[in-house]
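Residue numbering for the sequence shown follows numbering that gives the first Met the number 0, starting at 0 and increasing by one per position.
Glycine residues also receive a C-beta, built at the ideal position from the N, C-alpha and C atoms.
Remarks on the structure that follows.
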Amino acid sequence: MSKIKVAIVGVGNCTSSFIQGLEFYKKNNTDIGLINNKIGGYSISDIEVVAAFDINELKVGKDLSEAIFASPNIAYKCPDIEVLNLGIEVKMGPVLDGNPPHLAEFVVAAKKNPVDVEKALQDSGAEILLNFLPTGSAKAARYYADVAIKKLGIGYINGMPELIVSGDEGYVKAAEKSGSPLIGDDVKSQIGATIINRALIELFKDRGIRITKMYQLNYAGNTDFCNLVNRGESKMKTKTEALTTAIPYEANISTGFSFIPNMGDRKTAIFKIEGQNYSGAPLVFEAKLEVEDSPNFGGVIADAVRYCKLALDRGTSGILTSACAFLAKHPPVQYNDKTSKEMLEQFIAGKRKD
């Protein structure tokens, strides 16, 4: 198969884990940790990163293999995996709203002029742009979306909760016209609080349990969680709606975040569900998940890239409904996870367009 050429915006922990994972699967012939080994004939080893953009003075101008380990990145390091020189210089992007005061404590913006992003993407041959910008970077996210969707017509995967795919008809129409496939918004973790809660909701519904109250608390020590505590409104919206749309009646649902620096990139999610079973008797369910946060994101992106490439090969543009529903917290249309998985299988088999 041909290579899938991707460009990345934001060389943070998620990018670090994603690239380390690409090297891991090149070295190890295994499907451990992959949702799908192959998608439309494409394996994870077919993914090639060809460009990257950031604003951090410790990353801009560096080879991507070095930048992914620069401060404040603290992502899990794959044992026995060495990321050698990739020949990709991290380029300076526009700062816009991507480095608010609370993040500026960790990141000093490079004193360089931003590059011509459109030209840099064209020169790299990128087919897909991955948006890994910090939550709340609305202007920056839309700047890159404008370039990818409206100007270049390349694939666009929105990994953060700015509502571009599901909340802006202008981008959808532009994508349909330019040929850009869209996946988003706010990519789910491979196994995270949202997907577990949604599975529990389906189980409770199937067993006749009436959910009355539910909360989900997530905490970690990476810059993502520092940012979420300060401007996590859009993330809270996507996480909460991923749950409320799965329950066919009104329930009291809350989601929240906390930043605990000494936890590093390890995320803990705590769940509590209160409900009623036979004769209205009370029921309480509690659970806890601990997971390395950034690799948990990389496993989903590895699939999203290949779905996007499959759409490009087929000339499919606009919203990829099945991929959005299965992979994103806030897709344009919510389906339960079993249905969205079946839709994706039909998409891979060519039995549905999107």
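With 16 other Cβ atoms within 10 Å as the buried cut-off, status of ILE31
exposed
Just list the residues that DSSP pairs ARG206 with in beta bridges.
Partner(s): none; ARG206 has no beta bridge.
Cutoff 6 angstroms; reference SER136; Cβ partners in own chain excluding five residues on either side:
ASP96 and GLY97
Can the beta-carbon of LEU33 be found closer than 8 angstroms to that of GLY298?
yes
What separation, rounded to the nearest whole angstrom, lies between the Cα atoms of GLY314 and ILE153?
11 angstroms
Buried/exposed call for LYS110, threshold 16 Cβ in 10 Å
exposed
Do THR193 and MET159 have their beta-carbon atoms positioned less than 8 angstroms apart in this structure?
no
Leaving out five residues on either side along the sequence, give the residues of the same chain with a beta carbon under 6 angstroms from the beta carbon of SER293.
ASN12, CYS13, SER16, ALA74 and ASP264
So which of GLU201, ALA50, ILE18 and LEU162 has the shortest CA-CA distance to ASP122?
ALA50
Taking SER64 as the reference, which of ALA324, LYS4, THR237 and GLU88 has the closest Cα?
GLU88
Given that a residue counts as buried once 16 or more other Cβ atoms are within 10 Å of its Cβ, and exposed if not, what is ALA280?
exposed
Would you tell me roughly how many angstroms separate the C-alpha atoms of TYR41 and ASN229, rounded to the nearest one?
39 angstroms
Can you tell me whether TYR75 is helix, strand or coil according to DSSP?
coil
Contact set for LEU311: own chain, Cβ-Cβ below 7 angstroms, skip 5 residues either direction:
GLU126, GLY154 and PRO180
CB-CB under 8 angstroms to ASN27, same chain, minus the five flanking residues each way: which ones, in chain order?
none
What does the Cβ neighbour count give for TYR142, buried or exposed, with the cut at 16 atoms within 10 Å?
buried
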